[in-house]
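As given, the protein sequences belong to chains A and B, one line each in that order. Mind the numbering: the first sequence is residues 1 to 181 in full-length UniProt numbering, read in order. Mind the numbering: the second sequence is residues 1 to 160 in full-length UniProt numbering, read in order. Below is one structure; the comments refer to it alone.
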Amino acid sequence: MNNILMKIKKNKLLTLVSLTYLILFLVNTDKAILSVKNSMYYVKEMLEIMPAIFVITALIEKNVPKKVILNNLGENSGFKGIILSFILGSFSAGPIYAAFPICRTLIKKGASVSNIVIILSSWAVIKVPMLLNEAKFLGIKFMFLRWILTIISILCMSYLVSLFVKRSNVPNIEKKIIELN
Amino acid sequence: MDLFTILLWFITIILFIVFLGKDKKKTISSMKMAKNLMKNMIGEIIAVLFLIGLILTFIPPHIIKDFMGNSKVILSTIVSALIGSITLIPAFVAFPLVGSLVDRGASIIPIASFLTTLTMVGIVTFPLEKKNFGTKFAVIRNVLSFVFALFISFLMGVLI
Numbered sequence: 001m002n003n004i005l006m007k008i009k010k011n012k013l014l015t016l017v018s019l020t021y022l023i024l025f026l027v028n029t030d031k032a033i034l035s036v037k038n039s040m041y042y043v044k045e046m047l048e049i050m051p052a053i054f055v056i057t058a059l060i061e062k063n064v065p066k067k068v069i070l071n072n073l074g075e076n077s078g079f080k081g082i083i084l085s086f087i088l089g090s091f092s093a094g095p096i097y098a099a100f101p102i103c104r105t106l107i108k109k110g111a112s113v114s115n116i117v118i119i120l121s122s123w124a125v126i127k128v129p130m131l132l133n134e135a136k137f138l139g140i141k142f143m144f145l146r147w148i149l150t151i152i153s154i155l156c157m158s159y160l161v162s163l164f165v166k167r168s169n170v171p172n173i174e175k176k177i178i179e180l181n
Numbered sequence: 001m002d003l004f005t006i007l008l009w010f011i012t013i014i015l016f017i018v019f020l021g022k023d024k025k026k027t028i029s030s031m032k033m034a035k036n037l038m039k040n041m042i043g044e045i046i047a048v049l050f051l052i053g054l055i056l057t058f059i060p061p062h063i064i065k066d067f068m069g070n071s072k073v074i075l076s077t078i079v080s081a082l083i084g085s086i087t088l089i090p091a092f093v094a095f096p097l098v099g100s101l102v103d104r105g106a107s108i109i110p111i112a113s114f115l116t117t118l119t120m121v122g123i124v125t126f127p128l129e130k131k132n133f134g135t136k137f138a139v140i141r142n143v144l145s146f147v148f149a150l151f152i153s154f155l156m157g158v159l160i
């Protein structure tokens, strides 16, 4: 019994979502089935991408020397770090949450907060496949203008976030990693 | 699988082989770690994905379209930005959706704000972001992204 409670506590969100589905199945089965159907696209996307993401995260964590990350994405990586972060984010695959484990490892290995914001944001909005789609449906002018404005915004945001958030604000990085080993 | 997903797998496999040649023991142990990382996050990811399915049932794309096509531009821009923050729609659905709006002569300001918050602000993925980077980082990044999305869209309205 205690074990089950622990599991529920550890997976609060999953418990909440499961309960919602359970209730919805009882109250409105059609909507519940529709919701499951809607979710399947995302589950498939996740299964296609996340295994590779976790392998890359673990490889960076264990096999890439801290110095390499510190030099290329650290506080003093300067212009090179910014460009590299934009490239990493823009040529990525998958939704923004796929960037979370990788970025967490990068920050632990010495990447600066501002470069992490650049990677996360460009991963989210200025991915190349997305831009191609955008140009197709909304025109090159719309795509290009939004792209430029987004890059400017990301640069401002990366600076602003780094003013408020220090690397030490990222929760118990060391502890979690030891647990995982 | 799209081209970029295939590319991701290709890079992953190449990295794996290169590191395996460099340090076999370390690389094998990093695979164990990958498994543990996945175990650690998968429950929450699944929860988020099924939450998205629920949200899309109650805020379906045609309702989103109605909001974006509203003639009160400022109001519809803010509402579009909010909807974009809550939902997570794949690009191949989102672009045709907004494309048809533009064809009908709708303002591009709400459309730009929707497209930007859709991917950059994640209320649904917030629990995952918080777990990885802490509350402070997640709150500040999402709030700033929302504000800048509005900034981007109004500026686009002026420039186009």
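Just so you know, even glycine gets a beta-carbon here, dropped at the ideal spot from N, CA and C.
Between the options, which has its C-alpha nearest residue i's C-alpha?
i: S114(A); options: A34(B), L3(B), F133(B) and A81(B); result: F133(B)
i: D66(B); options: L115(B), A34(B), L97(B) and V124(B); result: L97(B)
i: K44(A); options: N40(B), K39(B) and F50(B); result: F50(B)
i: residue 208(B); options: P101(A), S39(A), N63(A) and I152(A); result: This structure cannot settle anything about residue 208(B), because the visible part of chain B is limited to 1 through 160.
i: M1(B); options: L70(A), K141(A) and E48(A); result: E48(A)
i: V124(B); options: Y97(A), L106(A) and L132(A); result: Y97(A)
i: I56(A); options: G122(B), G157(B), T27(B) and K39(B); result: T27(B)
i: K37(A); options: L7(B), D23(B), F154(B) and I52(B); result: I52(B)
i: G99(B); options: V143(B), L88(B) and A112(B); result: A112(B)
i: I53(A); options: M41(B), A106(B), I63(B) and P61(B); result: M41(B)
i: P51(A); options: L3(B), A34(B), H62(B) and L159(B); result: A34(B)
i: F114(B); options: G69(B), G105(B) and D103(B); result: G69(B)
i: S168(A); options: E134(A), L149(A), K136(A) and I107(A); result: I107(A)
i: T116(B); options: N142(B), M38(B) and T135(B); result: N142(B)
i: R104(B); options: M130(A), L26(A), F137(A) and I69(A); result: F137(A)
i: S162(A); options: S30(B), L144(B) and M120(B); result: L144(B)
i: V128(A); options: I116(A), W147(A) and T20(A); result: W147(A)
i: F154(B); options: N36(B), V73(B) and K32(B); result: V73(B)
i: E61(A); options: V121(B), S71(B) and M31(B); result: M31(B)
i: I116(A); options: G81(A), D30(A), K9(A) and I23(A); result: G81(A)
i: P171(A); options: M120(B), S76(B), G157(B) and T135(B); result: T135(B)
How close, in whole Å, do the beta carbons of residue i and residue j come, if the pair is a contact with beta carbons under 8 Å?
i: M157(A); j: S121(A); result: 7 Å
i: A94(B); j: L118(B); result: 6 Å
i: I45(B); j: S153(A); result: About 27 Å separates the two Cβ atoms, so there is no contact after all.
i: V48(B); j: P127(B); result: 7 Å
i: residue 167(B); j: I89(B); result: No answer is possible for residue 167(B): the residues shown for chain B start at 1 and end at 160.
i: L159(B); j: L145(A); result: 6 Å
i: F100(A); j: E129(B); result: 6 Å
i: S85(A); j: I118(A); result: 4 Å
i: L59(A); j: L15(B); result: 6 Å
Any heavy atom of the ligand FAD closer than 7 Å to the CB of residue i?
i: K25(B); result: The model on display carries no ligand, and the ligand FAD is accordingly not part of it.
* **Runs of alpha helix (DSSP H) wholly within the region 58 to 119 of chain A (minimum 4 residues, chain order)** => Correct list: 66 to 73, 78 to 90 and 99 to 108.
* Listed from N- to C-terminal order along the chain, which residues in the region 108 to 122 of chain A have their beta-carbon within a distance smaller than 9 Å of any beta-carbon of chain B? -> Taking 9 Å as the Cβ-Cβ cut-off against chain B, the residues of the region 108 to 122 of chain A that qualify are V113, I116, V117, L120 and S121.
* To do: Write down every uninterrupted run of the alpha helix (DSSP H) in the region 64 to 100 of chain B whose length is 4 residues or greater and which is fully enclosed by it, in chain order.
  => DSSP runs (the alpha helix (DSSP H)) wholly in the region 64 to 100 of chain B: 73 to 86.
* Does the region 68 to 88 of chain A come close enough to the region 105 to 114 of chain A that 3 or more CB-CB pairs lie under 8 Å? -> Result yes; three or more Cβ-Cβ pairs closer than 8 Å.
* Asked: What residues from the region 75 to 96 of chain B come within 8 Å of chain A, judged by C-beta to C-beta, listed N to C?
  -> Answer set for the region 75 to 96 of chain B: L88, P90, A91, F92, F95 and P96.
* Any 3 or more C-beta pairs closer than 8 Å across the region 56 to 72 of chain B and the region 91 to 102 of chain A -> The region 56 to 72 of chain B, when compared against the region 91 to 102 of chain A, does not touch it at the 8 Å Cβ threshold.
* Asked: Relative to chain B, which residues along the region 28 to 43 of chain A have a C-beta separation below 7 Å, given in chain order?
  -> In summary, the residues of the region 28 to 43 of chain A whose CB is separated from some CB of chain B by less than 7 Å are K31, L34, S35, V36, N38, S39, Y41, Y42 and V43, in the order they occur in the chain.
* Asked: When you check each C-beta in the region 70 to 82 of chain A against every C-beta of chain B, which residues fall closer than 8 Å?
  -> Along the region 70 to 82 of chain A, there is no position whose C-beta sits under 8 Å from a C-beta of chain B.
* What runs of the beta strand (DSSP E), each 3 residues or longer, lie entirely inside the region 116 to 141 of chain B? -> Fully contained in the region 116 to 141 of chain B is no beta strand (DSSP E) run of length 3 or more.
* To do: Decide yes or no for the touch test of the region 140 to 149 of chain B against the region 80 to 94 of chain B: beta carbon pairs closer than 8 Å, at least 3 of them.
  => The region 140 to 149 of chain B is in contact with the region 80 to 94 of chain B.
* In chain order, what residues of the region 142 to 154 of chain A put their CB closer than 9 Å to some CB of chain B? -> Correct list: F142, L145, R146, L149, T150, I152, S153 and I154.
* Is there contact between the region 23 to 37 of chain B and the region 13 to 31 of chain A, where contact requires at least three CB pairs shorter than 8 Å? -> When C-beta atoms of the region 23 to 37 of chain B are compared with those of the region 13 to 31 of chain A, fewer than three pairs fall below 8 Å, so the two segments do not count as touching.
* To do: May I ask you to list, following chain order, the residues of the region 117 to 143 of chain B that have a beta carbon less than 7 Å from some beta carbon of chain A?
  => Result list: T119, M120, G122, T125, P127, L128, E129, N132, F133, G134, K136, F137, I140 and R141.
* **Short-range partners of chain A found in the region 42 to 55 of chain B, where Cβ spacing is below 9 Å** => Sequence-ordered contacts of the region 42 to 55 of chain B with chain A read I42, G43, E44, I45, I46, A47, V48, L49, F50, L51, I52, G53, L54 and I55 [C-beta pairs closer than 9 Å].
* To do: May I have a chain-ordered list of the alpha helix (DSSP H) segments no shorter than 4 residues that lie completely inside the region 133 to 169 of chain A?
  => Qualifying alpha helix (DSSP H) stretches, in chain order: 140 to 164.
* Asked: In chain order, what residues of the region 80 to 103 of chain A put their CB closer than 8 Å to some CB of chain B?
  -> Cβ contacts with chain B come from F91, S92, A93, G94, P95, I96, Y97, F100, P101 and C103.
* Can you list, in chain order, the residues of the region 55 to 67 of chain A whose Cβ is nearer than 7 Å to any Cβ on chain B? -> Listed by position, the residues of the region 55 to 67 of chain A near chain B (Cβ gap below 7 Å) are V55, I56, T57, A58, L59, E61, K62 and N63.
* What residues in the region 10 to 25 of chain B have a beta carbon less than 8 Å from any beta carbon of chain A? -> For the region 10 to 25 of chain B, which is checked against every Cβ of chain A, the residues closer than 8 Å are I11, T12, L15, F16, F19, K22 and D23.
* To do: Could you please tell me which residues of the region 101 to 115 of chain B, in chain order, have their CB closer than 9 Å to any CB of chain A?
  => Per Cβ criterion, the list reads V102, I108, I111, A112 and L115.
* Within the region 9 to 71 of chain B, note down every full alpha helix (DSSP H) run reaching 4 residues or more, in order along the chain. => With a minimum length of 4 residues, the continuous alpha helix (DSSP H) runs that stay inside the region 9 to 71 of chain B are 24 to 58 and 61 to 68.
* Check each residue of the region 10 to 28 of chain A: if its Cβ is closer than 9 Å to any Cβ of chain B, include it; give the result in chain order. => In summary, the residues of the region 10 to 28 of chain A whose CB is separated from some CB of chain B by less than 9 Å are K10, N11, K12, L13, L14, T15, L16, V17, S18, T20, Y21 and L24, in the order they occur in the chain.
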